[in-house]
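Everything on this sheet refers to the single structure shown next.
Protein chains in written order, with my numbering: chain A, 1 to 533; chain B, 1 to 338.
And the structure:
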């Protein structure tokens with residue numbers, strides 16, 4: 001029937017134009033014309049904005065949004081770059097992870113038990129509202145606030161801080177209720193930020209979150225949740241006005257979109273990009289790329305309470321059968337450095353002389369010692385996230401094949417951080433777990449000290465005998481002894497495979513060739529250290 | 001007419017209350033039974049099990065599930081959906097801030113989808129039982145098989161990288177600060193007379209809206225084509241032809257009006273598709289809507305926020321269905337008969 005209705009497409013077009021009343025047709029044409037002109041007028045502006053390089057502005061394609069502007073409330077590593085940019089930090093790690101003065105210009109222990117830390121604040125620090133930062137702000141932020149509000153994570157990070165004694169506007173003493181020789185590192189770590197007491201008291205917690213004020217090199221201009229954070233250089237910053245006047249963190253969780261932003265010139269810097277995309281971008285003119293290892297590690301967490309992981313021979317076989325160099329080459333371009341201990345090269349508890357071997361024959365022998373063989377293979381469950389860090393699930397599958405080659409049958413179960421945290425806390429982990437571990441300080445206390453502490457809620461290796469040993473090291477005031485102790489625990493842990501270190505994580509960045517970024521070993525993105533050529 | 005519309009709205013509202021309560025209960029129980037720790041992202045590495053227990057009690061997660069639900073329901077009735085675990089803000093504020101962006105995106109996507117699918121449906125009808133029908137069918141099938149997030153990536157590559165004419169990140173240009181009057185960027189910028197910023201907002205909407213529209217249109221094209229094929233056999237078409245009306249006029253003035261009824265029903269039913277598609281599309285484009293918020297809530301196991309957004313989606317679907325019923329009644333003379 002439709003054959004009789006239509007002759008050809010041209011008829012449709014012509015008749016459609018003529019079908020209505022003349023006035024209707026005219027109105028329709030005018031409307032269409034107006035819409036066309038309107039849409040057309042948008043294009044030149046967008047082309048211009050995509051191509052122009054404004055050296056006063058840096059747009060950073062960033063994967064994570066800010067859940068809250070109270071920097072003391074959360075301890076998520078991925079947020080620290082933005083928090084440091086807006087709030088600065090009492091101390092800070094250098095690009096090569098050396099603890100350096102920042103808002104606190106001097107610190108020293110007033111006793112030989114590491115319970116009283118004398119600190120001297122700079123006298124030229126201004127908050128973004130122009131008020132001066134004093135020791136009262138330090139006391140309020142580190143001690144008074146977390147005591148009043150237990151939800152603030154800063155209280156947990158500095159759980160042994162009893163008080164901050166204020167001696168003057170710039171001098172004070174942090175008082176701990178036990179030896180805390182590593183206290184200074186926590187002044188450069190998660191949640192340790194100084195907020196303005198007067199402003200916070202005036203506007204309250206909600207008011208502060210709505211309009212935060214820090215003392216960092218950039219002040220917050222606008223936050224469109226899930227979209228972007230707009231920052232403006234603070235010209236009264238104690239370290240001098242930043243070279244780049246405006247910084248915009250575009251929140252782009254999708255890696256392909258981050259790649260597109262830097263490739264199209266709409267972002268001057270994009271971070272945490274897929275390795276293969278970085279390799280492709282490196283061939284593009286005007287784009288520089290960087291793939292570099294940083295202070296995060298990939299490792300296998302082993303639940304001591306699940307059979308057969310309680311068997312030392314099985315654990316040894318699991319460890320010996322993994323070719324870490326091959327994994328690095330396959331998934332991280334060989335840039336991720338294989339690890340024998342849970343510390344990265346250059347950090348205090350790294351043990352360069354200790355190498356855990358890749359030895360399939362020894363793995364088979366260990367399995368035999370445990371009573372397993374090719375005809376009686378050991379079966380285990382292997383938990384892995386998928387997409388939580390780069391190539392996690394792919395690496396898990398490769399490890400399964402390596403184990404299969406020596407007679408270990410592993411079944412992969414996909415999990416999420418929330419799931420395995422719940423399972424670990426309730427003692428219901430079903431198998432060993434591939435995990436990444438961030439440590440912005442590089443200190444062993446936050447590597448092996450936390451990973452093996454049986455009392456922590458996500459602990460898997462629940463050997464309570466380790467608790468007093470860890471406490472002894474955490475409170476050891478002799479730095480040489482402290483580091484030696486952690487190194488020894490690192491080696492023992494690897495030899496007995498309480499946890500299996502795999503490799504140092506890598507991170508990636510692609511940026512305009514006109515930009516000169518300083519890249520930090522803890523992966524922080526701090527635009528105050530960037531400038532254009 | 002007005003009485004009929006009112007009757008439909010009242011009937012729908014009466015049915016909505018038990019639906020909302022039931023859905024809330026299902027979502028609430030499912031979320032609580034998941035083996036995940038909602039506090040995973042809230043506690044630092046040094047937290048002990050005791051710290052976790054204390055925080056759980058502080059947030060009310062230590063109560064039995066029925067009690068948690070009753071408390072939640074009572075507060076929800078009073079307009080309080082609780083506080084987001086991750087964002088440390090009231091759920092209603094977060095949703096209220098994000099909702100206009102998503103509605104705006106969905107409506108622009110719907111407009112683009114209609115602009116594509118009405119002529120597309122007519123063209124598919126014209127090609128019915130012709131040589132090029134198979135090619136048209138294949139094209140529609142191909143379009144239908146590409147999900148919206150893939151369209152998003154393809155459009156970014158084409159219009160963002162290869163031919164960089166459209167923005168693909170955010171809701172407005174970096175230089176634009178939204179006035180925040182109604183929350184709808186296009187309306188706010190228009191009523192404040194900021195036409196250049198308005199065009200920035202519109203250009204930022206185009207690619208995400210097109211991503212949603214391209215995966216939505218094929219369904220509309222198919223239903224409209226079927227409706228037109230059915231209508232073509234009706235006696236009034238022959239009568240119109242005998243009156244000497246052109247085929248084009250018959251199609252656009254008479255057949256389309258009848259064929260559009262099942263299409264409207266389908267659009268209403270499938271409108272939720274645009275919202276679910278917005279989950280990933282908003283994330284890819286860094287678009288600050290409810291979809292983006294939902295992705296962040298799910299990633300962080302933010303139960304109060306997930307619960308709030310699920311409730312909102314339910315309310316939206318009920319509202320859309322009511323609108324569709326009213327429209328259907330207005331367009332269908334048989335339903336208007338006494």
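For glycine and all other residues, C-beta sits at the position ideal for the given N, C-alpha and C.
With a threshold of 7 Å between beta carbons, residue 224 of chain A makes contact with chain B. Chain A has no Cβ within less than 7 Å of the Cβ of residue 61 of chain B. Just so you know, the alpha carbons of residue 3 of chain B and residue 13 of chain B end up roughly 15 Å apart. Listed in chain order, the non-local C-beta contacts of residue 446 of chain A below 7 Å within the same chain comprise 439, local neighbours out to five positions each way being set aside. Excluding residues up to 5 positions away in sequence, 436, 438, 505 lie with their Cβ nearer than 6 Å to the Cβ of residue 296 of chain A in the same chain. Distance from the CA of residue 61 of chain A to the CA of residue 166 of chain B, rounded to the nearest whole angstrom, comes to 17 Å. Just measuring C-alpha positions, the residue of A:92, A:195, A:208, A:500 sitting nearest residue 357 of chain A is A:500.
Taking C-beta atoms as the reference points, residue 159 of chain A and residue 195 of chain A fail to come closer than 7 Å. C-alpha of residue 15 of chain B to C-alpha of residue 260 of chain B: approximately 27 Å in a straight line. Taking 7 Å as the threshold, the shortest C-beta distance from residue 411 of chain A to chain B does not fall below it.
With fewer than 16 neighbouring CB atoms inside 10 Å of its own CB, residue 132 of chain B falls in the exposed class.
Within the region 257-290 of chain A, the complete beta strand (DSSP E) segments at least 3 residues long are 269-271, listed from N- to C-terminus. In terms of beta-carbon proximity, residue 253 of chain A lines the interface with chain B, with at least one pair separated by less than 7 Å. The alpha-carbon separation between residue 451 of chain A and residue 351 of chain A amounts to approximately 17 Å.
For residue 58 of chain B, the number of other beta carbons within 10 angstroms of its own is below 16, and it is reported as exposed. In the displayed model, residue 417 of chain A falls within a helix according to three-state DSSP. Comparing alpha carbon positions, the residue from B:254, B:71, B:173 closest to residue 227 of chain A is B:173. For secondary structure counted as the beta strand (DSSP E) over 3 or more consecutive residues, the region 405-492 of chain A holds these complete runs in sequence order: 408-415, 432-437. With 16 or more other Cβ atoms inside 10 Å of its own Cβ, residue 403 of chain A counts as buried. With its beta carbon less than 7 Å from one in chain A, residue 164 of chain B belongs to the interface.
Taking C-beta atoms as the reference points, residue 101 of chain B and residue 171 of chain B count as a pair closer than 7 Å. In chain order, 398 place their CB closer than 7 Å to the CB of residue 330 of chain A, counting only its own chain and leaving out the 5 sequence neighbours on each side. Contact annotation: residue 455 of chain A and residue 472 of chain A have beta-carbon atoms that are not nearer than 7 Å. DSSP places residue 24 of chain B in the helix class (H, G or I) of the three-state scheme. Distances from the CA of residue 201 of chain B to each of B:212, B:189, B:237, B:210 were compared; the closest alpha carbon is that of B:189.
In the DSSP assignment, residue 116 of chain A falls within the unbroken beta strand (DSSP E) covering 116-121. Only those residues of the region 274-303 of chain B whose C-beta falls short of 8 Å from the nearest C-beta of chain A are listed: 282, 283, 284, 285, 286, 287, 288, 289, 292, 293, 295, 296, 300, 301. Per DSSP, reduced to three states, the secondary structure at residue 234 of chain B is coil, with no helix or strand assignment.
At least one C-beta of chain A is nearer than 7 Å to the C-beta of residue 153 of chain B. For residue 288 of chain A, no Cβ of chain B is located within less than 7 Å of the residue's own Cβ. Contact annotation for residue 263 of chain A against chain B: 161 [CB-CB distance below 7 Å, chain order]. The criterion of a C-beta distance shorter than 7 Å is not satisfied by residue 275 of chain B and residue 208 of chain B.
At a cut-off of 7 Å between beta carbons, residue 48 of chain B contacts chain A. Secondary structure of residue 133 of chain B (DSSP, three-state): helix.
Distance from the CA atom of residue 293 of chain A to the CA atom of residue 502 of chain A, rounded to whole angstroms, is 13 Å.
Under the three-state reduction of DSSP output, residue 268 of chain B falls in the helix class.
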